[in-house]
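J.: First the structure, then my questions, so here it is.
Protein chains: 2
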Amino acid sequence: MRVLDAAFWSPGSSRHALAGPLGFSASKAKALVAGLIDQGLLEEAGTQPSQGGRPAETLRLHHGLGLLLGVDIGVTSLTVAVLRPDLTLLAQHSEDIDVRRQGPGVVLARAAALMRELLARCKGRAEQVLGIGVGVPGPVNFEAGQLVSPPLMPDWDRFSIRDFLRDDYRAPVFVDNDVNLMALGELWRLQRALPNFIVVKIGTGIGCGIVCHGSVYRGATGSAGDVGHISVDHEGPRCHCGNRGCVEAMAAGPAIVRMATEAAEAGESPVLAAALAERGSLAAEDVGSASRAGDAAANRILQHAGHLVGQMLAAVVNFFNPSHVLLGGGITQVGPLFLAAVRQSVYQRSLALSTRQLEVQYAPLGAQGGVVGAGALAMSETLRVRGVAP
Amino acid sequence: MRVLDAAFWSPGSSRHALAGPLGFSASKAKALVAGLIDQGLLEEAGTQPSQGGRPAETLRLHHGLGLLLGVDIGVTSLTVAVLRPDLTLLAQHSEDIDVRRQGPGVVLARAAALMRELLARCKGRAEQVLGIGVGVPGPVNFEAGQLVSPPLMPDWDRFSIRDFLRDDYRAPVFVDNDVNLMALGELWRLQRALPNFIVVKIGTGIGCGIVCHGSVYRGATGSAGDVGHISVDHEGPRCHCGNRGCVEAMAAGPAIVRMATEAAEAGESPVLAAALAERGSLAAEDVGSASRAGDAAANRILQHAGHLVGQMLAAVVNFFNPSHVLLGGGITQVGPLFLAAVRQSVYQRSLALSTRQLEVQYAPLGAQGGVVGAGALAMSETLRVRGVAP
Chain A
1 MRVLDAAFWS PGSSRHALAG PLGFSASKAK ALVAGLIDQG LLEEAGTQPS QGGRPAETLR
61 LHHGLGLLLG VDIGVTSLTV AVLRPDLTLL AQHSEDIDVR RQGPGVVLAR AAALMRELLA
121 RCKGRAEQVL GIGVGVPGPV NFEAGQLVSP PLMPDWDRFS IRDFLRDDYR APVFVDNDVN
181 LMALGELWRL QRALPNFIVV KIGTGIGCGI VCHGSVYRGA TGSAGDVGHI SVDHEGPRCH
241 CGNRGCVEAM AAGPAIVRMA TEAAEAGESP VLAAALAERG SLAAEDVGSA SRAGDAAANR
301 ILQHAGHLVG QMLAAVVNFF NPSHVLLGGG ITQVGPLFLA AVRQSVYQRS LALSTRQLEV
361 QYAPLGAQGG VVGAGALAMS ETLRVRGVAP
Chain B
391 MRVLDAAFWS PGSSRHALAG PLGFSASKAK ALVAGLIDQG LLEEAGTQPS QGGRPAETLR
451 LHHGLGLLLG VDIGVTSLTV AVLRPDLTLL AQHSEDIDVR RQGPGVVLAR AAALMRELLA
511 RCKGRAEQVL GIGVGVPGPV NFEAGQLVSP PLMPDWDRFS IRDFLRDDYR APVFVDNDVN
571 LMALGELWRL QRALPNFIVV KIGTGIGCGI VCHGSVYRGA TGSAGDVGHI SVDHEGPRCH
631 CGNRGCVEAM AAGPAIVRMA TEAAEAGESP VLAAALAERG SLAAEDVGSA SRAGDAAANR
691 ILQHAGHLVG QMLAAVVNFF NPSHVLLGGG ITQVGPLFLA AVRQSVYQRS LALSTRQLEV
751 QYAPLGAQGG VVGAGALAMS ETLRVRGVAP
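Top to bottom, those sequences are chains A and B.
The letter at position 324 of the first sequence is residue 324 when you use my numbering, and the numbering goes up by one with no holes.
Here my numbering = 1-based position in the second sequence + 390.
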């Protein structure tokens with residue numbers, strides 16, 4: 001039954017490609033797949049481009065298997081999506097929240113309402129839900145489905161997200177850190193072809209999802225990837241964690257907004273000053289649009305933040321030697337200058353051997369990364385708990 | 391045949407404990423083990439303490455299988471050992487070398503001579519050698535058995551260590567980075583019970599071996615663990631790599647010796663001044679013995695170096711969340727003050743969640759770590775290439 005797991009991770013594969021690596025003979029593979037199609041678990045999904053011989057029929061998890069719900073809770077945003085078993089997005093909705101001020105009851109009630117609305121919008125029923133994946137912006141006890149001592153959202157400590165969301169559905173609920181889910185989503189998109197890479201989310205905070213030896217690595221106590229509190233300046237400002245010069249305190253969204261507000265107030269940027277006067281406060285996107293309009297102060301701020309993030313990443317790259325560093329989160333909307341500064345700093349400060357084949361780029365799944373990852377968690381863990389995956 | 395691999399990793403296990411996790415029934419396990427004993431591959435090694443029932447007979451790889459050769463090449467030391475298949479040390483010899491001045495031909499010829507001498511000393515013959523493991527102080531292309539662009543020893547770049555040593559024996563030669571081998575050795579000592587930890591070697595340079603998801607992690611291009619060039623002071627001295635404030639340039643053996651020499655010359659330490667006058671130069675061990683004698687300058691130097699190493703490790707701990715940080719290399723001989731300073735700095739600068747269960751200690755295998763790891767590499771890879779391990 002590992003064929004179903006393989007079909008999830010490698011959609012669009014032929015019978016042979018799915019069953020071959022599992023050690024089955026061609027005739028056994030054919031019989032297995034035929035059985036799974038008969039049971040309504042797999043279905044054919046068109047033919048592969050022919051390379052001379054008869055074109056091979058490709059396979060995917062059967063759409064009739066059911067639906068997945070993906071919930072991506074960021075510090076300041078909530079996204080909910082309904083997905084097919086092959087992670088096609090059927091419906092999706094995002095809105096602003098603030099987990100630093102809103103407790104788990106409020107945020108999760110809103111998530112549950114959106115799940116019902118979106119399911120109804122695509123004519124799905126609660127009984128059709130196969131699995132639910134939830135990403136949250138803090139360290140997670142994966143087995144318990146709870147946040148553990150999340151620095152930014154103390155009200156959520158040990159609140160059972162799983163129990164809260166499970167009530168409406170018979171489906172299992174899986175909870176993981178939001179950046180781990182972005183990493184899982186990219187791993188799925190890559191069909192597991194890259195075994196060692198990281199995804200860095202830069203938004204209100206800075207966190208990192210790690211893929212090691214081909215699977216998501218959560219660390220000895222579930223807090224791996226907590227790179228926001230790596231120090232980049234021992235004389236830097238004090239962070240809420242108590243230490244000085246944490247990269248999160250100096251280069252994440254709020255730090256960029258603070259630098260932009262200072263620049264606007266100091267008369268260094270007419271564009272930012274106008275935006276500040278108009279709305280009374282600035283957002284990271286204002287710095288992005290000012291930068292794209294050629295504003296020198298905005299450019300300087302984004303380059304400074306990018307250099308600091310790159311300095312932190314240089315340490316990570318020296319230690320972990322990943323093949324790819326994928327950047328995600330709100331910061332990816334500020335334009336190319338930030339990415340260029342990150343790259344420059346990483347390549348300058350990491351050892352040549354670690355960067356020779358290193359790619360630093362924005363995460364290809366972009367803003368969808370969180371919910372696609374949540375869907376990937378829901379499907380892969382559902383297959384696992386039902387006993388069909390390793 | 392995975393039973394042999396299990397017997398290597400879990401010496402002293404009973405039939406049941408060896409074969410059980412591999413999914414064999416009790417009767418099948420019994421038959422398998424009996425067959426392996428008949429073939430001279432496994433042997434009985436005494437009984438386990440009884441817990442009520444009949445005491446279980448423990449098993450190990452048969453001593454008659456052959457011998458392993460382990461070679462640990464550090465920047466300034468060469469250690470060669472002959473080991474049994476269960477990694478019992480039969481003979482061992484260490485001497486000073488300097489790979490920065492001596493090319494691969496000279497060092498490897500000496501290693502080969504020592505291999506012959508030590509084999510003869512324990513009445514072994516070349517034909518009995520099952521496998522050879524070699525650790526080298528630089529980044530290694532594991533498949534090719536070659537160093538790749540080693541910063542400290544450019545003469546060794548792409549020299550085929552494997553071909554050089556293979557000539558005398560029919561056994562396979564495996565080459566890895568010295569710190570990866572220390573990590574492999576500790577993983578073997580722990581019987582693979584800890585899946586996520588790091589070993590940090592502090593000697594002439596600083597490097598790190600990583601165990602992730604239960605096996606040694608080498609990175610996308612084999613340079614994972616190259617933590618010596620993580621910056622701990624952006625205004626710090628320039629390192630040979632071109633960057634500023636690398637922890638290796640500020641806190642490894644040569645930096646400790648430099649600080650000690652300055653202290654001796656500035657009249658800050660009568661003990662160090664006497665040692666310097668006596669021999670014309672100082673070594674890291676002089677700082678250790680001065681520190682143990684209560685010398686204030688030596689204490690200050692070791693604390694300073696320990697704090698810098700701890701600062702680098704704090705970044706690594708935040709990112710990787712290991713359960714253990716094991717310190718090895720020459721620095722472990724300088725006494726407890728260095729370790730205390732490392733600990734203090736790691737616990738202060740890492741997030742509470744990452745350090746709640748973190749252990750920072752000297753590596754239990756100590757100076758044997760390199761050759762035990764080389765033996766573990768030789769045995770595990772020999773089992774793998776012969777088709778008996780995963």
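Even for Gly, the Cβ is constructed at its ideal location relative to N, Cα and C.
Quick caveat, the model's predicted, so the values are computed rather than measured.
1) Taking B:E436 as the reference, which of B:D462, B:A654 and B:R405 has the closest Cα?
2) Looking at the C-beta of B:D395, does it have a partner C-beta in chain A at a distance below 8 angstroms?
3) For B:P726, is the classification buried or exposed, using 16 other Cβ atoms within 10 angstroms of its Cβ as the cut-off for buried?
4) Could you tell me whether the Cβ of A:V179 comes closer than 8 angstroms to any Cβ of chain B?
5) Checking contacts by CB at 8 angstroms: is B:G760 closer than that to chain A?
6) Given A:A363, which residues of its chain have a CB within under 8 angstroms of its CB, disregarding the five upstream and five downstream residues?
7) By the criterion of Cβ-Cβ separation under 7 angstroms, what are the contact partners of B:Q581 in chain A?
8) Using a Cβ-Cβ distance under 8 angstroms, would B:G609 count as near chain A?
9) I need the DSSP call for B:V622, collapsed to helix, strand or coil.
10) Please report the Cβ distance between B:V489 and B:V524, rounded to the nearest whole angstrom; I am assuming they are in contact, meaning their Cβ atoms lie under 8 angstroms.
11) Mind checking A:H213: buried by the 16 CB within 10 Å criterion, or exposed?
12) Is B:S713 close to chain A, meaning its C-beta is less than 8 angstroms from at least one C-beta of that chain?
13) Between which two residues does the alpha helix (DSSP H) harbouring A:Y347 extend?
14) Under 8 angstroms, Cβ to Cβ, is there at least one residue of chain A near B:C602?
15) Considering just the uninterrupted stretch of the beta strand (DSSP E) at B:A534, what are its terminal residues?
16) Measuring CA to CA, which of B:V637, B:A642, B:A686 and B:G670 is closest to B:E658?
17) Counting only beta-carbon separations shorter than 8 angstroms, does A:D226 have a partner in chain B?
18) What residues in its chain sit with their C-beta under 6 angstroms from that of B:R511, if we drop five residues either side in the sequence?
19) Per the DSSP calculation, A:I463 is bridged to which residue(s)?
20) Quick check on A:F320: does DSSP put it in helix, strand or coil?
21) Applying the 10 Å Cβ sphere with the 16-neighbour rule, what's the burial state of A:H240?
22) Listing by chain order, which chain B residues have their CB less than 8 angstroms from the CB of A:I132?
23) Tell me, please, whether the segment 341 to 358 of chain A touches the segment 154 to 173 of chain A by the rule of three or more beta-carbon pairs shorter than 8 angstroms.
24) What are the partner residues of A:Q92, as DSSP defines its beta bridges?
25) Identify which residue in B:V526, B:P475 and B:N689 has its Cα closest to the Cα of B:S467.
26) If we count Cβ pairs, one from each stretch, closer than 8 angstroms, do we get three or more for the segment 447 to 462 of chain B versus the segment 763 to 770 of chain B?
27) In chain order, what residues of the same chain have a beta carbon less than 6 angstroms from the beta carbon of A:R343, not counting five sequence neighbours either side?
28) In chain order, what residues of the same chain have a beta carbon less than 6 angstroms from the beta carbon of B:P780, not counting five sequence neighbours either side?
29) Figure out for me which residue from B:E668, B:H714, B:G535 and B:A731 has the closest Cα to the Cα of B:N689.
30) What residues from the segment 744 to 773 of chain B come within 8 angstroms of chain A, judged by C-beta to C-beta, listed N to C?
31) For A:T58, which residues does DSSP report across the bridge?
32) Are there three or more Cβ pairs, one per stretch, closer than 8 angstroms when the segment 690 to 709 of chain B is compared with the segment 218 to 234 of chain A?
33) Using a Cβ-Cβ cut-off of 6 angstroms (strictly less than) and excluding sequence neighbours within five positions of A:S345, which residues of its own chain qualify?
34) Run through DSSP, which three-state label would B:V601 get?
35) The alpha helix (DSSP H) spanning B:I487 covers which residue range?
T.: Here's the rundown:
1) As a first step, residue 436 of chain B is located in the second sequence; it is residue number 46 there, counting from the start. Reading off the sequence, residue 436 of chain B comes out as Gly, not Glu. Comparing Cα-Cα distances from B:G436 to each of B:D462, B:A654 and B:R405, the minimum goes to B:R405.
2) Stepping through the second sequence from its first residue, residue 395 of chain B is reached at position 5. Chain A, which has no Cβ nearer than 8 angstroms to the Cβ of B:D395, makes this no.
3) Start at 1 with the first residue of the second sequence, and residue 726 of chain B comes out as number 336. Burial call: exposed.
4) Position 179 of the first sequence holds residue 179 of chain A. No - not a single Cβ of chain B is within 8 angstroms of the one on A:V179.
5) Here residue 760 of chain B refers to the residue found at position 370 of the second sequence. No, B:G760 lies away from the interface with chain A (no Cβ there is under 8 angstroms from its Cβ).
6) Looking up residue 363 of chain A in the first sequence gives position 363. Only M182, E186, V199, L326, L327, G328, T332 and G369 meet the Cβ criterion.
7) Position 191 of the second sequence, counted from the start, is the residue given in the question as residue 581 of chain B. The contacting residues do not exist; B:Q581 stays about 17 angstroms from chain A at best.
8) By one-based count along the second sequence, residue 609 of chain B stands at place 219. Yes, B:G609 counts as interfacial toward chain A.
9) As a first step, residue 622 of chain B is located in the second sequence; it is residue number 232 there, counting from the start. Here B:V622 sits in coil by DSSP.
10) Residue numbering aside, residue 489 of chain B sits at position 99 when the second sequence is read from its first letter. Residue numbering aside, residue 524 of chain B sits at position 134 when the second sequence is read from its first letter. At roughly 13 angstroms, the Cβ-Cβ gap does not stay under 8 angstroms, so B:V489 and B:V524 are not in contact.
11) Stepping through the first sequence from its first residue, residue 213 of chain A is reached at position 213. Under this definition A:H213 is an exposed residue.
12) As a working mapping, residue 713 of chain B is identified with position 323 in the second sequence. Taking Cβ atoms only, chain A reaches closer than 8 angstroms to B:S713, which makes this a yes.
13) Working through the first sequence from its first residue, we reach residue 347 of chain A at position 347. A:Y347: member of the alpha helix (DSSP H) spanning P336 to R349, first to last residue.
14) Numbered from its first residue, the second sequence carries residue 602 of chain B at position 212. Yes, B:C602 lies at the interface with chain A (some Cβ there is under 8 angstroms from its Cβ).
15) Indexing the second sequence from 1 puts residue 534 of chain B at position 144. Unbroken run through B:A534: none, as it is neither H nor E.
16) Here residue 658 of chain B is taken as the residue at index 268 of the second sequence, counted from 1. Comparing Cα positions, the closest option is B:A686.
17) The residue labelled residue 226 of chain A in the question sits at position 226 within the first sequence. Output row for A:D226: interface = yes.
18) The residue you call residue 511 of chain B lines up with position 121 of the second sequence. A481.
19) Because residue 463 of chain A is not part of the residues shown, which for chain A are 1 to 390, the question remains open.
20) Within the first sequence, residue 320 of chain A is the residue found at index 320, counting from 1. In this structure, A:F320 counts as helix in the three-state DSSP scheme.
21) For the purposes of this step, residue 240 of chain A is taken as residue 240 along the first sequence, with counting starting at 1. Answer is exposed; the Cβ neighbour count stays below 16.
22) Along the first sequence, one-based indexing puts residue 132 of chain A at 132. Those within 8 angstroms of A:I132 in chain B number zero; the least Cβ separation is about 25 angstroms.
23) Touching, no.
24) Mapped onto the first sequence, residue 92 of chain A falls at position 92. Answer is A:A81, bridged to A:Q92.
25) Looking up residue 467 of chain B in the second sequence gives position 77. Nearest C-alpha to B:S467: B:V526.
26) Contact between the segment 447 to 462 of chain B and the segment 763 to 770 of chain B is present, because at least three Cβ pairs lie under 8 angstroms.
27) By one-based count along the first sequence, residue 343 of chain A stands at place 343. Counting only Cβ-Cβ distances below 6 angstroms, and skipping sequence neighbours, we find V360.
28) Taking the second sequence and counting its residues from 1, one reaches residue 780 of chain B at position 390. Here B:P780 scores only 45 on pLDDT, less than 50, and its place in the model is too uncertain to base an answer on.
29) Start at 1 with the first residue of the second sequence, and residue 689 of chain B comes out as number 299. The residue with the shortest Cα to Cα distance from B:N689 is B:A731.
30) S744, R746, Q747 and L748
31) Along the first sequence, one-based indexing puts residue 58 of chain A at 58. Partner(s): A:S14.
32) yes
33) Locating residue 345 of chain A in the first sequence gives position 345, where the first residue counts as 1. Result list for A:S345: H307, G310 and Q311, in chain order.
34) Here residue 601 of chain B corresponds to residue number 211 of the second sequence, with the count starting at 1. Under the three-state reduction of DSSP, B:V601 is assigned to strand.
35) Residue 487 of chain B sits at position 97 when you count from the first residue of the second sequence. Counting along the chain, B:I487 falls outside any alpha helix (DSSP H), and DSSP gives it neither H nor E.
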